[in-house]
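A.B. asks: Sharing a structure, written as structure tokens. Questions coming.
Chains as they are written, first to last, in this note's numbering: chain A, 4 to 395; chain B, 4 to 395.
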């Protein structure tokens, strides 16, 4: 365990060195956990020479009990203004200081600029996210367990979905069983305004309802103040029911979608579903490390156009999302994004959710989703639940 | 409904005028919902002359269906760089532009500074939060319903808590029943790294375990990656069990804590509990609009010292939180904070949770919490569940 965390720090330290950054200040919960094994608030300073200082404002006693960072690197501080002296006394240079500028709020950033007034502040978000995109064997094991838990959720859904039941009743019971299985409850997203609960159960026209976020099929949700997931409406016969759920095992997420139907499905929707399912097979046969993320997306988009789903792929017309997958791990919105404009190449040990979906305005949506590990041989699914439509 | 939202906008417009701010750009989910009734991402511009422009990047179709903003104020944009022209064409000045600098990330802030390069950017966080602290009759009604739901959760806890049951089993079933009652699931916090699930069930020494966040009794949680709430450990006889839960009704929160015991409680803990309970009575008898928030806190602190709880009040020694209450509404961490250094006076129609707690290292914690509405006559509790220790 200690080796896992010290390798994360030393790898990142090398990245800092390569980029001429003296020290990184890690302040966001997920990143703090990733590098230290605990999340008490403060700043975890990682230097380009592999030294580390965890300056803790709140929760020192907790950090002491949990962290993988050596005790002589833990410091209680009253405020961030103590950081320059603390780093100086440790022999850490602060000419170029890295900050997670994608998550640190503007007012805190300005305060840091003031505290480090003779330093150049640079953004280290990409470097952190790029390292976190590639998973270690330790992380892959956690994600395997999350996927296994989530397969059980799909089996639960098979048992629970009935015509006449409210979407929220099914969702609540899936959540309940998942929690008893050890689901941590809260899952993290990184992007500004990014939010998610435990997953979505939605059906009929609600699955194709336009989302206010960057999500292809999000459902109506209980109320405009939380506009996604299950509504209070009832599941109907002969109409698609989407279960798009998360699992969270020790911080690591899995994300899986399956399609359920009470009765039978209109042929048009069935055809669209098998188009999505075939896209998973295509992914598994074709995608290898070295392919650009946007190339994968563009090929999916071409397939959708060719199949006549130009106005339905990844959402209804006017609400389509320009992606077909997203990296996943400690956060739901990690690199790589299998999306428009993502020019970087996919690398070995990246993990991502792949979720082709097709939506028909006023009717419903269909789709499937698994989380994948990219290996030398190709994309290997973590999730193992059978892929056909589940007729009830 | 439309009147509710247009009053929120016109009130805020007056604040902008008073502070010499030409236009506010509202971008955060909660604030977007508060002013528009929907959350599709983009920027809601409110001018000092009560004009409004909702520039939507994502989810225009959703916004159209849900928002209280007039249709001729809705615009589809591709990026924030279109904002200056859009505002100019509308006749809105942009010399001083307000931004939610407490939540907008640094990189987005720098982008906005670049887009509005001839404008002065100022922080409007406080103005928004101060307005939102005082609730309208519409909001008070929602908070009443949330409190009613939460009283049912306490009744559920009475039925569910048993010695030998795991904390997470009890928590999962409370969550399940709350969800079926219409709890929205996800609840919002505003502060950087602020996070919360549906509530906490913890017992014995775990209730006094040091928190890494600014929370007095948070529990160990399932894992260091999400270090609060229920653990997988079992509830024991003759040991305090804390149920500190949230309800969320149409975006509005309630927050309530009650103490349960299977068997009997050591006299020392029982005494500490009734000290906390008496503090609620004190609040209800003494606190009125016009009192400074920090004075309320300081008086509580004095009472705690006098009673011998100097090292136990609001957490164990070394992990004590310098507050005894927090504003609540659409977010869990609103104004007013009944806390150290909060010099402003409490005002009529403010709503806050008041949560005196006493913790004993290695033993357990006790405490009670209600949400209050401050009226001319004093603090009126929303939550009605009986206040004595619930012996099972």
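We treat Cβ as the ideally placed atom computed from N, Cα and C, and that holds for glycine.
All of these numbers come straight from a predicted model, not from anything done at the bench.
#1: Per the DSSP calculation, residue 381 of chain B is bridged to which residue(s)?
#2: Would you mind stating whether residue 347 of chain B and residue 327 of chain B have Cβ atoms separated by less than 8 Å?
#3: In this structure, does DSSP put residue 57 of chain B in helix, strand or coil?
#4: Find the residues of chain B that neighbour residue 61 of chain A, judging by a C-beta separation of less than 9 Å, and give them in chain order.
#5: Can you say whether residue 23 of chain B is buried or exposed, counting buried as having 16 or more other CB atoms within 10 angstroms of its CB?
#6: At 8 Å on the CB atoms, spell out the chain A contacts of residue 183 of chain B, in chain order.
#7: Taking just the CA atoms, how far does residue 235 of chain B sit from residue 5 of chain B?
#8: State yes or no: is the beta carbon of residue 368 of chain B nearer than 8 Å to at least one beta carbon in chain A?
#9: Buried or exposed for residue 65 of chain A, going by 16 or more other Cβ atoms inside 10 Å?
#10: Where does the unbroken beta strand (DSSP E) through residue 79 of chain A begin, and where does it stop?
#11: Taking the C-alpha atoms as reference points, what is the distance between residue 336 of chain A and residue 194 of chain A?
#12: Using the rule of at least 16 other Cβ atoms within 10 Å of the residue's Cβ for burial, across every protein chain shown, is residue 39 of chain A buried or exposed?
#13: Check the Cβ of residue 317 of chain B against every Cβ in chain A and list those closer than 7 Å, keeping chain order.
#14: Report buried or exposed for residue 267 of chain B, applying the criterion of at least 16 other Cβ atoms within 10 angstroms of its Cβ.
#15: Could you please tell me which residues of the region 225-239 of chain A, in chain order, have their CB closer than 8 Å to any CB of chain B?
#16: Would you say residue 377 of chain B faces chain A, with C-beta separation under 8 Å as the test?
#17: Excluding the 5 residues flanking residue 382 of chain A on each side, which residues of the same chain have their C-beta closer than 6 Å to its C-beta?
#18: By the criterion of Cβ-Cβ separation under 9 Å, what are the contact partners of residue 119 of chain A in chain B?
#19: Under the DSSP definition of a beta bridge, which residues are partnered with residue 256 of chain A?
#20: From A/356, A/339, A/358, pick the residue whose C-alpha is nearest to that of residue 349 of chain A; which is it?
#21: Nearest to residue 224 of chain A by alpha carbon, out of B/27, B/254, B/278?
#22: In the DSSP assignment, what residue or residues form a beta bridge with residue 226 of chain B?
#23: Using Cβ-Cβ distances below 8 Å, what residues of the region 36-70 of chain A are close to chain B?
#24: Quick one: what's residue 373 of chain B bridged to in DSSP?
#25: Is residue 345 of chain A close to chain B? Criterion is C-beta to C-beta, closer than 8 Å.
#26: Among B/110, B/41, B/149, B/30, which one has its Cα closest to the Cα of residue 227 of chain A?
#27: Would you mind working out which of A/229, A/122, A/136, A/250 sits nearest residue 183 of chain A, comparing C-alpha positions?
#28: Starting from residue 34 of chain A, trace the alpha helix (DSSP H) in both directions and tell me its first and last residue.
#29: Please identify, using Cβ separations under 8 Å, the residues of the region 98-123 of chain A that lie next to chain B, in order along the chain.
#30: Using 8 Å as the threshold, is the C-beta distance between residue 357 of chain A and residue 312 of chain A below it?
#31: Quick one: Cα of residue 9 of chain A to Cα of residue 18 of chain A, how far?
#32: Can you pull the chain B neighbours of residue 1 of chain A, defined as C-beta to C-beta under 9 Å?
#33: For residue 342 of chain B and residue 330 of chain B, I'd like the C-alpha separation in whole angstroms.
#34: I'd like to know if residue 75 of chain B contacts chain A, where contact means its C-beta is closer than 8 Å to some C-beta of that chain.
#35: Going along the region 186-216 of chain B in order, which residues come within less than 8 Å of chain A, judged by CB to CB distance?
#36: Assuming residue 91 of chain B is part of the alpha helix (DSSP H), what are its boundary residues?
C.D. replies: Walking through what the data contain:
#1: Beta-bridge analysis with DSSP links residue 381 of chain B to B/378.
#2: no
#3: Three-state DSSP puts residue 57 of chain B in a strand.
#4: 214, 215, 216, 217, 322, 324
#5: exposed
#6: 171, 172, 175
#7: Going by C-alpha positions, residue 5 of chain B is about 47 Å away from residue 235 of chain B.
#8: no
#9: buried
#10: Element bounds for residue 79 of chain A: 77-79.
#11: 7 Å
#12: Label assigned to residue 39 of chain A: buried.
#13: The contacting residues do not exist; residue 317 of chain B stays about 13 Å from chain A at best.
#14: exposed
#15: 225, 226, 227, 228, 229, 230, 232, 235
#16: no
#17: 286, 287, 290, 375
#18: Residues of chain B passing the Cβ test: none, with the nearest at roughly 13 Å.
#19: A/251
#20: A/339
#21: B/254
#22: Answer by DSSP bridge pairing, in chain order: B/229.
#23: Residues passing the 8 Å Cβ filter: 36, 40, 41, 42, 43, 44, 61, 62, 63, 64, 65, 66, 68, 69.
#24: Beta-bridge partners of residue 373 of chain B (DSSP): B/357.
#25: no
#26: B/41
#27: A/250
#28: 32-39
#29: Contact annotation: in the region 98-123 of chain A, residues whose CB is within less than 8 Å of a CB in chain B are 102, 104, 105, 106, 107, 108, 109, 110, 111, 112, 113.
#30: no
#31: Distance between the alpha carbons of residue 9 of chain A and residue 18 of chain A is about 14 Å.
#32: Because chain A is modelled from 4 through 395, residue 1 of chain A falls outside the range shown and cannot be assessed.
#33: 11 Å
#34: no
#35: From the region 186-216 of chain B, only 187, 188, 189, 191, 195, 196, 198, 199, 200, 201, 212, 213, 214, 215, 216 have a Cβ closer than 8 Å to chain A.
#36: 86-92
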